[in-house]
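**Student:** What follows is a structure written as structure tokens; I'll ask about it next.
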Amino acid sequence: MFKIKNILITGGAGYIGSHIVEKLVEKKNVIILDNLITGYKKLINKKAKFIYGDIRDRKKISKIIKNHKIETIIHLAAFLNVKESENNKKKYYKNNIQGTLNLVHACKNSTVKNIIFSSSCSVYGNVKGAVNEKKKLNPQNYYAFTKLKAEEIIKRFSNKYKYQYGILRYFNVAGASSSGKIGEIETSHGHLIKNIAIQASKKKPIISIYGNDYNTKDGTCIRDYIHVLDLVDIHIKTLKYVNTKSKSLILNCGYGKGYSVLDIIKIFKKTTKNLIINYKTRRIGDVDMVYADVTKIKSILKWKPKYNNIKKIIKSSIKWESTL
Ligand SMILES: NC(=O)c1ccc[n+]([C@@H]2O[C@H](COP(=O)([O-])OP(=O)(O)OC[C@H]3O[C@@H](n4cnc5c(N)ncnc54)[C@H](O)[C@@H]3O)[C@@H](O)[C@H]2O)c1
């Protein structure tokens, strides 16, 4: 794959992290650091070394980096519930901002050469049309603000601590591994496709729509959904790029196509009888519309998506849910 052996993955027992681990353990030594708050034992890959711990524990991180001669950190550990972030800013500040600061400081005078960070499209706020990486950032909720601050921290210490970074701004992630062993378990994040998958097996499925008065074609929020396996591929390609070229970069990770909540529900409805749609008021922090301009990722990484079919993404999530 590329000449890196030892990789630390924070949040590797979570949804996206476990998919990255599943790919990397084929050829690399993978160490997972996770406090299992929204991660699950079931998602921990047996071929990886699992360390139960917290990114807020700097001594522990330094020890892990030293003992395992870590060259790359893929940093996914974070809290990600928007509503909770608004109601409990301190909790999110400590975990997502201070936790990232800890991790970065632990890289001082160490073997770490690369940091790949899970950022979010929420750093852009509300945008009209496809958004590119140069757009001025304008987070609209506290979770998004913590992601922006974490990006800034990673950038700020890059020269001083001599690492390259890859900041990956994920759009909405869905789907599951074809191995059937891993997928999204946590239900607290309020993800639409996860909710659909949960309802798929119910006799009377109910889907809530939070707000139908947004400034979009049908009044519901528009998002760009990316299959988790395409996102895994982006991590591998980004790591290869930053490591071999000794260059840092920031990339949008989406497909460049926006679907409204109603678009997604209509697809689900085709295969689901008796679906009830429950209209509710807007959720705090939700923006009208955000979808990616993918020109940069396609030209720099020569990335070609393999799973960019929304019906298949929904199907993949439903299939995984049926195994739980
Ligand atoms: N899922 C999405 O659609 C999406 C979109 C944009 C960005 N992201 C980002 O991707 C990352 C992973 O998200 P996910 O969907 O896999 O969520 P997840 O909750 O499944 O994964 C997060 C993992 O981090 C762990 N964790 C949290 N705080 C920790 C701490 N202090 N120390 C150690 N471990 C800790 C959790 O136990 C969990 O295993 C997050 O940083 C999130 O902000 C996700």
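Residues in the sequence shown are numbered from 1326 upward in steps of one, following the numbering used here.
The C-beta atom is built at its ideal place from N, Cα and C for all residues, glycine as well.
#1: Quick check on the DSSP output: the beta strand (DSSP E) that includes Phe1375 runs from which residue to which?
#2: Starting from the Cα of Ile1518, find the closest Cα among Ala1475, Ile1575, Asp1555 and Lys1591 and give me that residue.
#3: Is Arg1280 near ligand 1, in the sense that its beta carbon is under 7 Å from a heavy atom of that ligand?
#4: Under 7 Å Cβ to Cβ from Asn1537, same chain only, skipping five residues before and after it: list those, please.
#5: Among residues of its own chain, excluding the 5 on either side of Ala1499, which ones have a beta-carbon nearer than 6 Å to its beta-carbon?
#6: In the DSSP assignment, find the beta strand (DSSP E) that holds Tyr1535 and state where it starts and stops.
#7: So the candidates are Phe1482, Ser1410 and Lys1416; which of them puts its Cα closest to the Cα of Pro1464?
#8: Using a Cβ-Cβ cut-off of 8 Å (strictly less than) and excluding sequence neighbours within five positions of Asn1540, which residues of its own chain qualify?
#9: If you draw a straight line from the C-alpha of Ile1386 to the C-alpha of Glu1351, how long is it?
#10: Got a sec? Which residues, its chain only, sit under 6 Å from Asn1497 by beta carbon, not counting five neighbours each side?
#11: Taking all protein chains shown into account, decide if Thr1620 is buried (16 or more other Cβ within 10 angstroms of its Cβ) or exposed.
#12: Can you look up Ile1390 in the DSSP assignment and give me helix, strand or coil?
#13: Can you list, in chain order, the residues of its chain with a C-beta nearer than 6 Å to that of Tyr1377? Leave out the 5 residues immediately preceding and following it.
#14: Check the C-beta distance from Asn1481 over to Asn1427 and give it rounded, since I have them as a contact under 8 Å.
#15: Relative to the alpha-carbon of Lys1371, which residue among Ile1441, His1344, Lys1529 and Lys1528 has its alpha-carbon at the smallest distance?
#16: Taking the alpha-carbon positions, what's the Val1456 to Ala1402 distance?
#17: With DSSP as the reference, label Ile1362 as helix, strand or coil.
#18: Could you have a look at Leu1576 and say whether DSSP puts it in helix, strand or coil?
#19: Does the region 1560 to 1575 come within contact of the region 1514 to 1530, defined as at least 3 CB pairs closer than 8 Å?
#20: Ignoring anything shorter than 4 residues or poking outside the region 1374 to 1449, list the alpha helix (DSSP H) runs there in chain order.
#21: Just to check my reading of the structure: Tyr1417 and Tyr1468 have Cβ atoms closer than 8 Å, yes? What is that Cβ distance to the nearest angstrom?
#22: Contact criterion: CB-CB distance below 8 Å. Does Asn1434 meet it with respect to chain B?
#23: What residue range is occupied by the uninterrupted alpha helix (DSSP H) comprising Tyr1490?
#24: Short check: CB of Ile1441 to CB of Leu1358, under 8 Å?
#25: Cα-Cα, which of Gly1505, Gly1450 and Lys1438 is closest to Tyr1486?
#26: Less than 8 Å between the CB atoms is what I'm expecting for Ser1447 and Asn1466, so what's the real figure, rounded?
#27: I need the DSSP call for Ser1585, collapsed to helix, strand or coil.
#28: Please tell me whether Ile1356 and Lys1374 are closer than 8 Å, where the distance is taken between their beta carbons.
#29: Mark Gly1454 as exposed unless 16 or more other C-beta atoms lie within 10 angstroms of its C-beta, in which case mark it buried.
#30: Taking C-beta to C-beta, are His1514 and Asn1406 nearer than 8 Å?
#31: Would the beta-carbon of Glu1458 be found less than 7 Å away from any heavy atom of ligand 1?
#32: Which value, in whole angstroms, describes the spacing of the CA atoms of Lys1570 and Glu1476?
#33: Secondary structure at Val1456, three-state DSSP: helix, strand or coil?
**Tutor:** The short version:
#1: The count along the sequence shown starts at 1 and reaches residue 1375 at position 50. Lys1374 to Tyr1377 is the span of the beta strand (DSSP E), which, as asked, contains Phe1375.
#2: Locating residue 1518 in the sequence shown gives position 193, counting from the first residue. Checking every option, the nearest Cα to that of Ile1518 belongs to Lys1591.
#3: Not covered by the structure: residue 1280. The range shown for the chain is 1326 to 1649.
#4: As a first step, residue 1537 is located in the sequence shown; it is residue number 212 there, counting from the start. Cβ within range, chain order: Gly1544, Thr1545 and Tyr1604.
#5: Sequence index remark: in the sequence shown, residue 1499 carries index 174 (1-based). The residues Ile1518, Tyr1550, Ile1638 and Ser1642, in chain order, have a CB closer than 6 Å to that of Ala1499 in the same chain once the five nearest residues on each side in sequence are set aside.
#6: For this step, residue 1535 is matched to residue 210 along the sequence shown. Counting along the chain, the beta strand (DSSP E) containing Tyr1535 begins and ends at Ile1531 to Tyr1535.
#7: Position 139 of the sequence shown, counted from the start, is the residue given in the question as residue 1464. Closest by alpha carbon: Ser1410.
#8: Against the sequence shown, residue 1540 aligns to sequence position 215. Around Asn1540: Asp1613 and Met1614.
#9: Residue mapping note: residue 1386 aligns to position 61 of the sequence shown, counting from 1. Residue mapping note: residue 1351 aligns to position 26 of the sequence shown, counting from 1. Whole-angstrom Cα-Cα distance: 24 Å.
#10: In the sequence shown, residue 1497 corresponds to position 172, counting from 1. So the qualifying residues of the chain are Arg1548 and Tyr1550.
#11: The residue given as residue 1620 occupies position 295 in the sequence shown. Classification of Thr1620: exposed, given that the 10 Å Cβ count is below 16.
#12: The residue you call residue 1390 lines up with position 65 of the sequence shown. Here Ile1390 carries a helix assignment [DSSP, helix/strand/coil].
#13: Walking along the sequence shown from the start, residue 1377 turns up at place 52. So the list is empty, once near-sequence residues are dropped.
#14: Within the sequence shown, residue 1481 is the residue found at index 156, counting from 1. Within the sequence shown, residue 1427 is the residue found at index 102, counting from 1. Here residue 1481 turns out to be Arg, not Asn, going by the sequence shown. Arg1481 to Asn1427, Cβ: 14 Å. No contact.
#15: Locating residue 1371 in the sequence shown gives position 46, counting from the first residue. For Lys1371, the closest C-alpha among the options Ile1441, His1344, Lys1529 and Lys1528 is that of His1344.
#16: For the purposes of this step, residue 1456 is taken as residue 131 along the sequence shown, with counting starting at 1. For the purposes of this step, residue 1402 is taken as residue 77 along the sequence shown, with counting starting at 1. About 25 Å.
#17: Stepping through the sequence shown from its first residue, residue 1362 is reached at position 37. In this structure, Ile1362 counts as coil in the three-state DSSP scheme.
#18: Counted from its first residue, the sequence shown places residue 1576 at position 251. Correct three-state label for Leu1576: strand.
#19: no
#20: Counting whole runs of 4 or more residues, the region 1374 to 1449 contains the alpha helix (DSSP H) stretches 1383 to 1392, 1407 to 1412, 1414 to 1417 and 1424 to 1430.
#21: Within the sequence shown, the letter at position 92 stands for residue 1417. Within the sequence shown, the letter at position 143 stands for residue 1468. That belief holds up - the Cβ atoms of Tyr1417 and Tyr1468 are roughly 6 Å apart, short of 8 Å.
#22: Absent from the structure is chain B; it holds one protein chain and no more.
#23: Indexing the sequence shown from 1 puts residue 1490 at position 165. Where Tyr1490 is concerned, there is no enclosing alpha helix (DSSP H), although the beta strand (DSSP E) it sits in stretches over Gln1489 to Tyr1495.
#24: In the sequence shown, counting from the first residue as 1, residue 1441 sits at position 116. In the sequence shown, counting from the first residue as 1, residue 1358 sits at position 33. For Ile1441 and Leu1358, no; Cβs fall outside 8 Å.
#25: To locate residue 1486, count along the sequence shown from 1; it is residue 161. With distances taken between Cα atoms, Tyr1486 lies closest to Lys1438.
#26: Along the sequence shown, read from residue 1 onward, the residue named residue 1447 stands at position 122. Along the sequence shown, read from residue 1 onward, the residue named residue 1466 stands at position 141. Between Asn1466 and Ser1447 the Cβ distance is about 7 Å, and since that is below 8 Å, they are a contact.
#27: Looking up residue 1585 in the sequence shown gives position 260. Strand, per DSSP.
#28: As a first step, residue 1356 is located in the sequence shown; it is residue number 31 there, counting from the start. As a first step, residue 1374 is located in the sequence shown; it is residue number 49 there, counting from the start. Yes, the pair counts as a contact, with Cβ atoms nearer than the cut-off.
#29: Your numbering for residue 1454 matches position 129 in the sequence shown. It counts as exposed.
#30: On the sequence shown, residue 1514 is found 189 positions in, with the first residue counted as 1. On the sequence shown, residue 1406 is found 81 positions in, with the first residue counted as 1. The answer is yes: Cβ separation under 8 Å.
#31: If you number the sequence shown from 1, residue 1458 lands on position 133. No - ligand 1 has no heavy atom lying nearer than 7 Å to the Cβ of Glu1458.
#32: On the sequence shown, residue 1570 is found 245 positions in, with the first residue counted as 1. On the sequence shown, residue 1476 is found 151 positions in, with the first residue counted as 1. Lys1570 and Glu1476 have their C-alpha atoms some 20 Å from each other.
#33: As a working mapping, residue 1456 is identified with position 131 in the sequence shown. It is a strand residue.
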